[in-house]
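Residue numbers for the sequence shown follow the working numbering, so the first one is -17 and each next one is one higher.
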Amino acid sequence: MKHVVGVAEMAVSSDPEDLLITHALGSCLGIAAHDPHAGIGGLLHVMMPLSKINPEKAEDNPFVFVDTGVPRFLDRLFEGGARKQSLTVMVAGGASVNRSETDRFSIGKRNFVVFKKLLWKNGILISAEDVGGEKARTMRLEIASGRVTLSTGPKVTELRPTRHSRQTGGARNVA
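Printed below as a string of structure tokens:
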């Protein structure tokens, strides 16, 4: 079943029939995580890097911000049986899609920097990324296979883990 993950939302599933999809990844980040051994995966769509700009909003919806949404997202995956050692994490978005007032704040770049630091502090590496540029993306995660695809307009590409991506703590190669 297809599940659309909106802006500042996340979904986690262990149903192999599920397809998780999120649209309009401009400066926002789409974060797909999948554990093939546990048969669980999830998709998160975060908007802003740090919750300190609006703690009340973060309290109401932690998935607006990278620093509050990512930990909750990972917790849900781990509660569902995912293990850090076998987790594949892929990220897309962080673009600069227009030359507007908000673009000068480099929200997309800041989102990605905060995300990378947060994962690094928790011993998790990014397995694959497609960030930056000037085009919005749509991201899809197939729960059965862990396959992640991105589309920009009519062009569809697969985001694949790199051979050298490793998690800490006796992790295996995710390629």
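By construction, the Cβ of each residue, glycine as well, lies at the ideal position given by its N, Cα and C atoms.
Note that this is a predicted model, so its numbers are computed, not measured.
Among the options, the one whose alpha carbon lies nearest that of residue i
i: residue 115; options: 89, 98, 130 and 103; result: 89
i: residue 121; options: -16, 2 and -3; result: 2
i: residue 135; options: 33, 144 and 119; result: 119
i: residue 68; options: 4, 105 and 5; result: 105
i: residue 100; options: 78, -6 and 48; result: 48
Per-residue burial, residue i [other beta carbons within 10 Å of its own, 16 or more giving buried]
i: residue 80; result: exposed
i: residue 54; result: exposed
i: residue -12; result: exposed
i: residue 35; result: exposed
i: residue 31; result: buried
i: residue 52; result: buried
i: residue 139; result: exposed
i: residue -17; result: exposed
Through-space distance from residue j to residue i, alpha-carbon basis
i: residue 129; j: residue 123; result: 6 Å
i: residue 125; j: residue 117; result: 26 Å
i: residue 12; j: residue 33; result: 17 Å
i: residue 206; j: residue 131; result: In the structure as shown, the chain starts at -17 and stops at 157, and residue 206 therefore has no counterpart that could be examined.
i: residue 70; j: residue 38; result: 31 Å
i: residue 40; j: residue 10; result: 16 Å
Which of helix, strand or coil DSSP assigns to residue i
i: residue -5; result: strand
i: residue 0; result: coil
i: residue 137; result: strand
i: residue 166; result: Coverage of the chain is limited to positions -17 through 157, which leaves residue 166 absent and any answer about it impossible.
i: residue 101; result: helix
i: residue 23; result: strand
i: residue 32; result: coil
i: residue 142; result: coil
i: residue 92; result: helix
i: residue 107; result: coil
i: residue 129; result: coil
i: residue 15; result: strand
i: residue -13; result: coil
Would you check if there are 3 or more beta carbon pairs closer than 8 Å linking the segment 10 to 20 to the segment 60 to 73?
Touching, yes, given that three or more Cβ pairs across the two stretches are closer than 8 Å.
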